[in-house]
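One structure is given here, and the rest of the page talks about it.
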Amino acid sequence: MAGIVGKVTWKAMTGVIAIPVGIAVSKSIAQVWITARPDNPPRRPTDPNVSWGDAAGWAALSAVGVAVGQLITTKGATTLWRGLTGDEPPPLQEKVQTSARRQARANRRISTRAGKALEQSA
646 MAGIVGKVTW KAMTGVIAIP VGIAVSKSIA QVWITARPDN PPRRPTDPNV
696 SWGDAAGWAA LSAVGVAVGQ LITTKGATTL WRGLTGDEPP PLQEKVQTSA
746 RRQARANRRI STRAGKALEQ SA
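With my numbering as the guide, the letters of the sequence shown map in order to residues 646 to 767.
Pasting the structure below:
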């Protein structure tokens with residue numbers, strides 16, 4: 646799959662994977678909080694009744710959860726994409742193409758400089 650169809654399919658696939666992952670991560674974060682602390686997690690850390698320590702702890706735990714959720718979603722979607730299509734997903738294809746273009750430009754610069762150096766030495 647290439648072009649716009651591949652990109653739309655990729656976004657739909659990651660969205661479908663992200664929903665259950667997000668639910669599981671949210672429940673896991675709450676369970677970790679309850680295991681570590683006897684009280685319920687502060688759902689609104691900006692509430693004046695929530696201590697700074699609880700607010701900061703909840704924010705840090707939530708940030709870790711978001712990062713893990715994104716990792717699971719991206720890796721899962723990439724594995725599924727490769728299994729279904731046999732190709733790299735669109736974001737990785739774009740990175741490979743960009744890298745190849747950069748390498749080609751660098752090679753052209755090097756060969757141009759080498760040619761000029763040879764002309765000057767002759």
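A virtual CB, placed ideally from N, CA and C, is assigned to each residue, including glycine. Since the model is a prediction, treat every value here as computed from it, not as a measurement.
With a 10 Å radius around the Cβ and a threshold of 16 neighbouring Cβ atoms, Thr718 comes out buried. The segment 693-748 is shown to contain whole alpha helix (DSSP H) runs of 4 or more residues at 697-730, in chain order. Distance from the CA atom of Ile664 to the CA atom of Arg753, rounded to whole angstroms, is 46 angstroms.
Scanning Ser707, Ala705, Gly721 for the CA closest to the CA of Lys656 turns up Gly721. One thing to note: Ile674 has its Cβ no nearer than 7 angstroms to the Cβ of Gly731. A straight-line Cα-Cα distance of about 50 angstroms links Asp684 and Ser744. Taking Thr723 as the centre and dropping the five residues before and after it, the same chain places the C-beta of Pro734 closer than 6 angstroms to its C-beta, in chain order.
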